[in-house]
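Asks: Heads up, the sequence shown is in the numbering used here, so the first residue is 42 and it goes up one at a time. Think of the CB as a built atom: it goes at the ideal place given N, C-alpha and C, for glycine as much as any other residue. What you are looking at is a predicted structure, and each value in this text was computed from that prediction instead of being measured. Dumping the structure here so I can ask a few things about it.
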Amino acid sequence: MFKKLHRQMTFFCTLITSLILISMTCLCLLIAERNTKERSYISFSDNLTSIFSYFEEQNVISHQWLLQMESTYHLKMHILDNGNPLFSQRLGSSDEYPPELFEQARDIAYRKYGIDSSDLSYRELSYNHAEFKMHGEDSGEYYASVALIPKKNGVLNVTALYSLDAQEKELRHQRLLFASIDVLAVLLLFLFSWHFTKRMIKPIRESRERQSQFIAAASHELRSPLTVILSSLSAMKMADKEQAEAFSDTIQAEGQRMSRLIGDMLSLANADNRSWSIHASNVEPDTLLLQTYEKFESLASQKGLRLSVNIPDEDCPACSMDGERIAQVLSILIDNAMSYTPKGGQITLSLARSCSKLSYTVADNGPGIPDDQKEAVFERFYRTDKSHKSKSHFGLGLCIAQEIVKLHKGRIQVKDTPGGGATFTVVLPVQNTFTNCSST
42 MFKKLHRQMT FFCTLITSLI LISMTCLCLL IAERNTKERS YISFSDNLTS
92 IFSYFEEQNV ISHQWLLQME STYHLKMHIL DNGNPLFSQR LGSSDEYPPE
142 LFEQARDIAY RKYGIDSSDL SYRELSYNHA EFKMHGEDSG EYYASVALIP
192 KKNGVLNVTA LYSLDAQEKE LRHQRLLFAS IDVLAVLLLF LFSWHFTKRM
242 IKPIRESRER QSQFIAAASH ELRSPLTVIL SSLSAMKMAD KEQAEAFSDT
292 IQAEGQRMSR LIGDMLSLAN ADNRSWSIHA SNVEPDTLLL QTYEKFESLA
342 SQKGLRLSVN IPDEDCPACS MDGERIAQVL SILIDNAMSY TPKGGQITLS
392 LARSCSKLSY TVADNGPGIP DDQKEAVFER FYRTDKSHKS KSHFGLGLCI
442 AQEIVKLHKG RIQVKDTPGG GATFTVVLPV QNTFTNCSST
């Protein structure tokens with residue numbers, strides 16, 4: 042499923058980004074081509090203006106100058122002096138263009154712009170000219186200019202043609218360059234999309250895997266008490282009254298165990314759905330710790346464990362927090378420590394404060410947690426000791442504690458206890474400003 046999703050997302054991302062890229066490239070190419078054509082036409086017009094001004098001022102036109110102008114400006118001119126081809130024209134290279142092209146240009150100038158090249162009586166004070174683009178009879182594209190220049194002894198008719206073959210070649214090269222860049226860009230976009238979507242899908246795939254593992258682990262945990270309940274029910278049918286009561290107690294205990302597990306799973310489901318909220322109120326941190334200590338003191342004594350508490354000598358002002366939830370976190374940590382600390386061990390509860398934070402600490406001198414497992418202990422259904430099968434623990438407590446601490450915008454961490462064991466520290470931000478603040 043994820044491979045198919047990866048391919049589909051890669052295709053979709055590449056397609057959308059490529060369409061945007063190609064559209065922008067086409068727009069840029071269109072603007073670039075238009076600017077190229079405008080510059081070319083303006084250059085053609087300016088060059089012809091200079092040439093026509095020279096014709097207007099000079100009475101003698103040399104053949105060498107004419108060839109130089111044609112070579113410099115990459116155009117060809119056909120000149121009629123009072124209707125007759127200029128003598129130098131026959132010696133030039135204008136015959137590279139068919140005479141029909143010049144006739145076609147003069148015909149267009151007459152029909153569209155009213156410039157009559159056959160009018161030998163033209164006597165205006167300045168020359169009259171027109172520049173335009175034409176499609177030649179030889180299928181070529183040209184810029185053309187036709188001008189009538191009055192002279193003392195008649196009229197000079199100049200027809201100039203500028204082939205657009207070089208311009209079209211430049212535009213084709215430009216289009217090929219843009220297309221090559223687009224192809225390369227699309228390829229790079231594909232590679233980027235492939236790796237980017239793979240990274241995007243990775244958290245989803247991992248979440249799916251964790252969900253599957255969670256369901257499998259939950260099913261396994263639920264199966265154990267359910268098996269005991271069903272076995273006890275079957276045995277009750279054939280047992281006497283005393284045995285039936287024992288089986289009844291077993292069923293009740295296993296039912297309560299299932300209820301705790303389902304409650305834990307619902308808590309985590311609410312946390313995953315962002316529907317788990319806290320109800321903050323003013324709570325005295327030291328009072329909360331002492332109440333938790335008193336709740337576990339007798340149980341610790343029954344298990345042969347020493348439970349002690351350390352609180353600051355100064356009074357701790359009330360802080361805004363969900364007292365029930367924080368008490369639940371402390372209970373989880375103490376219960377977890379009592380479960381793994383051997384008989385005769387020591388569990389210490391501590392509270393420290395500063396101007397900006399509170400720190401609750403639960404330290405034990407049990408077997409401790411290896412460094413490579415310190416992060417994993419907060420995962421669901423995780424146990425550091427795989428052989429530890431306490432029916433009161435499902436491997437969800439620390440995960441629930443972490444979610445509660447996150448709701449308070451705090452953090453929970455574990456480190457080694459000096460001399461051996463594990464120390465869990467819950468750090469909570471405090472909104473209040475304390476007086477006589479001391480460092481944590």
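Have a look at the DSSP bridge pairing and note the partners of leucine 392.
Replies: Locating residue 392 in the sequence shown gives position 351, counting from the first residue. Beta-bridge pairing links leucine 392 to Tyr401.
Asks: Less than 8 Å between the CB atoms is what I'm expecting for isoleucine 375 and valine 403, so what's the real figure, rounded?
Replies: If you number the sequence shown from 1, residue 375 lands on position 334. If you number the sequence shown from 1, residue 403 lands on position 362. Their Cβ separation, rounded to whole angstroms, is 6 Å, which keeps isoleucine 375 and valine 403 in contact under 8 Å.
Asks: Report the rounded CA-to-CA distance for leucine 346 versus alanine 463, giving the unit in angstroms.
Replies: By 1-based counting over the sequence shown, the position of residue 346 is 305. By 1-based counting over the sequence shown, the position of residue 463 is 422. Distance between the alpha carbons of leucine 346 and alanine 463: 15 Å.
Asks: In this structure, does DSSP put alanine 294 in helix, strand or coil?
Replies: The count along the sequence shown starts at 1 and reaches residue 294 at position 253. If DSSP states are grouped into helix, strand and coil, alanine 294 belongs with the helices.
Asks: Where does proline 191 sit, in a helix, a strand or coil, going by DSSP?
Replies: The residue you call residue 191 lines up with position 150 of the sequence shown. Here proline 191 sits in strand by DSSP.
Asks: Just to check my reading of the structure: threonine 77 and glutamate 172 have Cβ atoms closer than 8 Å, yes? What is that Cβ distance to the nearest angstrom?
Replies: In the sequence shown, counting from the first residue as 1, residue 77 sits at position 36. In the sequence shown, counting from the first residue as 1, residue 172 sits at position 131. Not a contact, Cβ separation roughly 17 Å.
Asks: Alpha carbon to alpha carbon, how far is glutamine 387 from asparagine 406? Give it in angstroms, no decimals.
Replies: Taking the sequence shown and counting its residues from 1, one reaches residue 406 at position 365. Taking the sequence shown and counting its residues from 1, one reaches residue 387 at position 346. Spanning the two alpha carbons is a distance of roughly 6 Å.
Asks: Leaving out five residues on either side along the sequence, give the residues of the same chain with a beta carbon under 7 Å from the beta carbon of histidine 176.
Replies: The residue you call residue 176 lines up with position 135 of the sequence shown. Within the same chain, histidine 176 has close Cβ partners Glu182.
Asks: Determine the contact status of serine 35 and leucine 89, defining contact as a CB-CB distance below 7 Å.
Replies: Any property of residue 35 remains undetermined from this structure, which presents the chain solely from 42 to 481.
Asks: Return the chain-ordered list of same chain residues with a C-beta closer than 6 Å to the C-beta of asparagine 351, the five sequence neighbours on each side being excluded.
Replies: Reading the sequence shown from its first residue, position 310 is the one you call residue 351. The answer, listed in chain order, is Ser391.
Asks: From the DSSP output, in three-state form, read off serine 204 for me.
Replies: Within the sequence shown, the letter at position 163 stands for residue 204. If DSSP states are grouped into helix, strand and coil, serine 204 belongs with the strands.
Asks: Closest by CA to leucine 267, which one among Ile303, Gln284 and Ser400?
Replies: Counting from 1 along the sequence shown, the entry for residue 267 is found at position 226. Leucine 267 has its Cα closest to that of Ile303, out of Ile303, Gln284 and Ser400.
Asks: Considering only residues of the same chain and omitting the five flanking positions on each side of isoleucine 292, which have a CB-CB separation below 6 Å?
Replies: Within the sequence shown, numbered from 1, the residue matching residue 292 stands at position 251. Ile270 and Ser273, listed in sequence order.
Asks: Check whether the Cβ atoms of leucine 205 and asparagine 198 sit closer than 7 Å, and answer yes or no.
Replies: Within the sequence shown, numbered from 1, the residue matching residue 205 stands at position 164. Within the sequence shown, numbered from 1, the residue matching residue 198 stands at position 157. For leucine 205 and asparagine 198, no; Cβs fall outside 7 Å.
Asks: Tell me, to the nearest whole angstrom, how far the beta carbon of valine 370 is from that of valine 471; I am working on the premise that it is less than 8 Å.
Replies: The residue given as residue 370 occupies position 329 in the sequence shown. The residue given as residue 471 occupies position 430 in the sequence shown. About 16 Å separates the two Cβ atoms, so there is no contact after all.
Asks: Should phenylalanine 219 and leucine 70 be called a contact, given that it needs their Cβ atoms to be closer than 7 Å?
Replies: Position 178 of the sequence shown, counted from the start, is the residue given in the question as residue 219. Position 29 of the sequence shown, counted from the start, is the residue given in the question as residue 70. Closer than 7 Å, so yes.
Asks: Let me check understanding here. Comparing Cα to Cα, which of Glu444, Ala368, Ile149 and Glu250 lies closest to leucine 484?
Replies: Nothing about residue 484 can be reported from this structure: the residues present for the chain run from 42 to 481 only.
Asks: Measure from the alpha carbon of tyrosine 334 to the alpha carbon of each residue in Ile120, Asp413, Ile373 and Arg80, then state which is nearest.
Replies: Numbered from 1 along the sequence shown, position 293 holds the residue referred to as residue 334. Looking at the Cα atoms, Ile373 is the closest of the given residues.
Asks: Report yes if the CB atom of leucine 116 is closer than 7 Å to the CB atom of alanine 201, and no otherwise.
Replies: On the sequence shown, residue 116 is found 75 positions in, with the first residue counted as 1. On the sequence shown, residue 201 is found 160 positions in, with the first residue counted as 1. Going by C-beta atoms, leucine 116 is nearer than 7 Å to alanine 201.
Asks: Can you tell me whether cysteine 545 is buried or exposed? The criterion is at least 16 other CB atoms within 10 Å of its CB, across all chains shown.
Replies: Here the chain covers residues 42 to 481 and nothing more, so residue 545 does not appear.
Asks: Quick check: what's the CA-CA separation for leucine 439 versus isoleucine 57?
Replies: Locating residue 439 in the sequence shown gives position 398, where the first residue counts as 1. Locating residue 57 in the sequence shown gives position 16, where the first residue counts as 1. Approximately 44 Å, taken between the alpha carbons.
Asks: Whose CA, out of Thr382, Ala442, Thr466 and Ala378, lies closest to the CA of arginine 394?
Replies: Residue numbering aside, residue 394 sits at position 353 when the sequence shown is read from its first letter. For the residues Thr382, Ala442, Thr466 and Ala378, the minimum Cα distance to arginine 394 belongs to Thr466.
Asks: So what does tyrosine 381 bridge to, in DSSP terms?
Replies: Locating residue 381 in the sequence shown gives position 340, where the first residue counts as 1. BP columns for tyrosine 381 are empty, so no partner.
Asks: What are the start and end residues of the alpha helix (DSSP H) that includes methionine 50?
Replies: Within the sequence shown, residue 50 is the residue found at index 9, counting from 1. 43-98 is the span of the alpha helix (DSSP H), which, as asked, contains methionine 50.
Asks: Tell me the residue span of the alpha helix (DSSP H) that contains glutamate 325.
Replies: As a first step, residue 325 is located in the sequence shown; it is residue number 284 there, counting from the start. That residue, glutamate 325, is in no alpha helix (DSSP H); it is neither H nor E in DSSP.
Asks: Any idea if glutamate 295 is buried or exposed, counting beta-carbon neighbours within 10 angstroms, 16 or more meaning buried?
Replies: For this step, residue 295 is matched to residue 254 along the sequence shown. Burial call: buried.
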